[in-house]
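Novice: Residue numbers (the working numbering), protein chains in the order written: chain A, 4 to 69; chain B, 638 to 1119. Don't be surprised by glycine CBs; every beta carbon is placed ideally from N, CA and C. Predicted model only: the values in this text are computed from it and were never measured. Questions regarding the structure given below will be posed in turn.
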Amino acid sequence: MRRRFTGRLLGLVLAGVALLALGPFDVGAVRVAGVSLLWWYGGAVAPVAAALLTLALFAPKSSGGR
Amino acid sequence: MIGLRFASLWLGPVLVLGVAAHLYAGAPEGLLLVVLVVLSPCVALLGRRAARAAEASLVTVLLTLLAAGLLLCAGLSLIGDTAGVLGAARWRGIAIAAGCAFALTIWPPAGRWWPWLAPGALLVAWLVLAAVAHASGLGPIAAWSRVASRPAFSFEATSPWVRSGGTFPEAGVLVFAEPHTIRAGSPGVFGVIVGDGGTTSVQEWRPQRGGTLTLRPGDHLSYPAGARLIFENGKRVPGAPRSGIAWADPTADVSRAVELVRFLGLALTFLAGGFPLLRPSAPRTRVGAAVALALALAATGWAEGWAVYAGWAAPDLFLGTVRAGALVALPSLAVDGQGGRRLGGVLLVAVIALFIAGAAALRERIAALARGGGLGSGIALWTGVLGGALVASLWSREPWALLVLVLGFLASTLAPLALASPALPVRAQIAVCAVGLAAFAVGALGGGAGGGALAATLGAYPALLGAPAAWGALRLARPRPA
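Below is the structure:
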């Protein structure tokens, strides 16, 4: 259940890039603080969000190395 | 340490420099790649652990060995390219990297410290980037804004292509967007495709040294490998995006539907292809996962910064086709004097260290496979794989294409098996891999031969056919509960 939920969230993070790059009205080209929204999202927000989501929902295994 | 080993397996030089090259070239899929480089390890960390295979299949061992060999070949090929860019012989860079990798991977004490190679290499790469940023006098956001507001990417007076000319290591085609007079730096045979009011004609140009030719907008110039040309100061670099806006907000040269299929192909190739590669090495603790993901973020951050500063300081690198290996020339173009050349050399060392770390991680995987299959310590297997990759890399010139091929191949064969639960019997494993591989080959060969943008996309990402076919075969082959 938890794995499926995480998978959907990561899928949404990925879909955001496609939406900004290929979506209507060139939303990705909007400049925020001098940089395009696509670069902010694809270059900073999405990778960091994916990493944080993974760590938050990561279920450590009971055995194994460090 | 497991987090470092896991990251070493993924963050090879072909991936890191390849992402930087896509971003620098202003490719629409560049930022998707940034996300996929982080997302693939996320999926491997969260993925379900497959039930241990009851019987180790020789086919899966062979497929893994083949994938490892191709990954090593791609890395060595990239290092050969970078050595060539820095003025050394291509074979010399390949031989040094392969020799270091072999020595380190068969020397038992190195097993304790090689996992630190990847973070060390990334740290060095970041320091070189900081030096380039310092020399430019711009912060990353200001540099991005400057690149995005460039009216054109043009040759500058300090460019070596303008002062004394440069040599193209491989044959290719240049497309000119404005009138441009070029000068031959050496004799050669060139083809000029002239577009004149809807009709095209092909002419041959056989200049002596110093011979000139004026090309008009829309003209194509095909050049042979080793051709030396001198370009005009202030003219647009052939092959560069039209302007900074075209670089910052790239639009695809195909319809949005085809571009969406291209995005899907890339995502499927990286996420499904990375899974069987990464999942067996995934750390089991949150600390290990955090270390691995921090390194992936560091690698993508570096690639973005490198692409932006290259766009600002080195428009020359757009010339012809953007090659990942050529990006190591950035310090020599951005930092004046000997310092720039030295920084380029330091970066090459970091690239070789990343390759060695990846090779050591693959060596561990092969050793584990050899033990599981009763094939001994695996040194003979490893020597064969690395030796084969070394020989192949002397001819291979497309490291990125090779990486995409390997990941697509893994997505079409081993990815379904990595998730199969309960473990499949050997015959079923062979059937799944055979179906996936056949569909993958159909996509690769048929897509390449067929016309049209969609066929070209299938040819570029044959996992679009191979992976679903393999998953379908897996569903059919899965044992039914009694």
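What does B:Cys737 touch in chain A if you count any residue whose Cβ is under 9 Å from its own?
Specialist: For the purposes of this step, residue 737 of chain B is taken as the residue at position 100 of the second sequence. Chain A residues near B:Cys737: none, gap ~27 Å exceeds 9 Å.
Novice: Compile a chain-ordered list of the residues in the stretch 934 to 959 of chain B whose CB is closer than 7 Å to at least one CB of chain A.
Specialist: Look at the stretch 934 to 959 of chain B: the residues with a C-beta under 7 Å from a C-beta of chain A are Leu934, Thr937, Glu941.
Novice: Which bits of chain A does B:Cys679 rub up against, with CB to CB less than 8 Å?
Specialist: Locating residue 679 of chain B in the second sequence gives position 42, where the first residue counts as 1. Near B:Cys679 (Cβ distances below 8 Å), the residues of chain A are Leu13, Ala53, Ala54, Leu56, Thr57.
Novice: CB-CB under 7 Å to B:Ile743, same chain, minus the five flanking residues each way: which ones, in chain order?
Specialist: As a working mapping, residue 743 of chain B is identified with position 106 in the second sequence. Within the same chain, B:Ile743 has close Cβ partners Ile1016.
Novice: A:Val30 versus chain B: which residues are under 7 Å apart at the beta carbon?
Specialist: Position 27 of the first sequence, counted from the first residue, corresponds to residue 30 of chain A. Ordered by position in chain B, no residue passes the 7 Å Cβ test against A:Val30, which lies about 11 Å from the chain.
Novice: With 8 Å as the limit, tell me which residues of the stretch 1042 to 1063 of chain B have their beta carbon closer than that to any beta carbon of chain A; keep them in chain order.
Specialist: none
Novice: Less than 8 Å between the beta carbons of A:Leu25 and A:Leu56, yes or no?
Specialist: Counting from one through the first sequence, the residue named residue 25 of chain A turns up at place 22. Counting from one through the first sequence, the residue named residue 56 of chain A turns up at place 53. In this structure, A:Leu56 does not lie closer than 8 Å to A:Leu25 by Cβ.
Novice: Looking at the C-beta of B:Ala688, does it have a partner C-beta in chain A at a distance below 8 Å?
Specialist: Here the question's residue 688 of chain B lines up with position 51 in the second sequence. Residue placement at B:Ala688 is poorly supported in this model, since its pLDDT is 48, which falls under 50; the coordinates are not used for a value here.
Novice: What separation, rounded to the nearest whole angstrom, lies between the Cα atoms of B:Gly640 and B:Gly649?
Specialist: Taking the second sequence and counting its residues from 1, one reaches residue 640 of chain B at position 3. Taking the second sequence and counting its residues from 1, one reaches residue 649 of chain B at position 12. Cα-Cα distance, rounded: 15 Å.
Novice: Any chance you could list the beta strand (DSSP E) runs of at least 3 consecutive residues sitting entirely within the stretch 741 to 775 of chain B, in chain order?
Specialist: none
Novice: With distances taken between CB atoms, is the gap from B:Phe912 to B:Gly655 smaller than 8 Å?
Specialist: By one-based count along the second sequence, residue 912 of chain B stands at place 275. By one-based count along the second sequence, residue 655 of chain B stands at place 18. The answer is no: Cβ separation not under 8 Å.
Novice: Are any of the Cβ atoms in chain B nearer than 8 Å to that of A:Arg7?
Specialist: The residue labelled residue 7 of chain A in the question sits at position 4 within the first sequence. Judged by the 8 Å Cβ criterion, A:Arg7 is not in contact with chain B.
Novice: Quick check on B:Val696: buried or exposed, where buried means 16 or more other Cβ atoms within 10 Å of its Cβ?
Specialist: Working through the second sequence from its first residue, we reach residue 696 of chain B at position 59. With 16 or more other Cβ atoms within 10 Å, it is buried.
Novice: Can you tell me which residues form a DSSP beta bridge with B:Arg860?
Specialist: As a working mapping, residue 860 of chain B is identified with position 223 in the second sequence. The sequence as given places Tyr at residue 860 of chain B; Arg does not occur at that position. Per DSSP, B:Gly809.
Novice: Which term fits B:Asp890, buried or exposed, when burial requires 16 or more other beta carbons within 10 angstroms of its beta carbon?
Specialist: Residue mapping note: residue 890 of chain B aligns to position 253 of the second sequence, counting from 1. So B:Asp890 counts as exposed.
Novice: Please report whether the beta-carbon of B:Leu652 lies at a distance below 8 Å from any beta-carbon of chain A.
Specialist: For this step, residue 652 of chain B is matched to residue 15 along the second sequence. No, no contact with chain A.
Novice: By a C-beta neighbour count over all protein chains shown, 10 Å radius and 16 as the cutoff for buried, is B:Leu1111 buried or exposed?
Specialist: By 1-based counting over the second sequence, the position of residue 1111 of chain B is 474. Per the 10 Å Cβ criterion, buried.
Novice: Using DSSP bridges, identify the partner residues of B:Thr818.
Specialist: As a position in the second sequence, residue 818 of chain B is number 181, starting the count at 1. Paired residues: B:Thr851.
Novice: Can you find a C-beta in chain B that's less than 8 Å from the C-beta of A:Val35?
Specialist: Counting from 1 along the first sequence, the entry for residue 35 of chain A is found at position 32. Not one beta carbon of chain B lies nearer than 8 Å to the beta carbon of A:Val35.
Novice: Look up B:Thr804 in the DSSP assignment and say whether it is helix, strand or coil.
Specialist: The sequence position of residue 804 of chain B within the second sequence is 167, counting from 1. If DSSP states are grouped into helix, strand and coil, B:Thr804 belongs with the strands.
Novice: Checking contacts by CB at 8 Å: is A:Leu22 closer than that to chain B?
Specialist: Locating residue 22 of chain A in the first sequence gives position 19, where the first residue counts as 1. It does not: the Cβ of A:Leu22 has no partner Cβ on chain B nearer than 8 Å.
Novice: Residues in the same chain with beta-carbon distance under 7 Å from B:Ala947, minus the five sequence neighbours each way, listed in chain order, please.
Specialist: Stepping through the second sequence from its first residue, residue 947 of chain B is reached at position 310. Within the same chain, B:Ala947 has close Cβ partners Tyr661, Leu954, Leu964, Leu967.
Novice: Report yes if the C-beta distance between B:Leu1044 and B:Phe907 is below 8 Å; otherwise report no.
Specialist: Position 407 of the second sequence, counted from the start, is the residue given in the question as residue 1044 of chain B. Position 270 of the second sequence, counted from the start, is the residue given in the question as residue 907 of chain B. In this structure, B:Phe907 lies closer than 8 Å to B:Leu1044 by Cβ.
Novice: Do you know offhand how far A:Ala18's Cα is from B:Leu669's?
Specialist: Taking the first residue of the first sequence as 1, we reach residue 18 of chain A at position 15. Taking the first residue of the second sequence as 1, we reach residue 669 of chain B at position 32. C-alpha separation (whole angstroms): 10 Å.
Novice: Check whether chain A comes within 8 Å of B:Ser880, counting only Cβ atoms and requiring the distance to be less than that.
Specialist: Position 243 of the second sequence, counting from 1, holds the residue named residue 880 of chain B. With 8 Å as the cut-off, B:Ser880 does not count as an interface residue toward chain A.
Novice: If I measure Cβ to Cβ from B:Arg873 and keep anything under 7 Å in the same chain, skipping five residues before and after, which residues do I get?
Specialist: As a working mapping, residue 873 of chain B is identified with position 236 in the second sequence. Cβ within range, chain order: Ala789, Phe790, Ser791, Ala814, Glu815.
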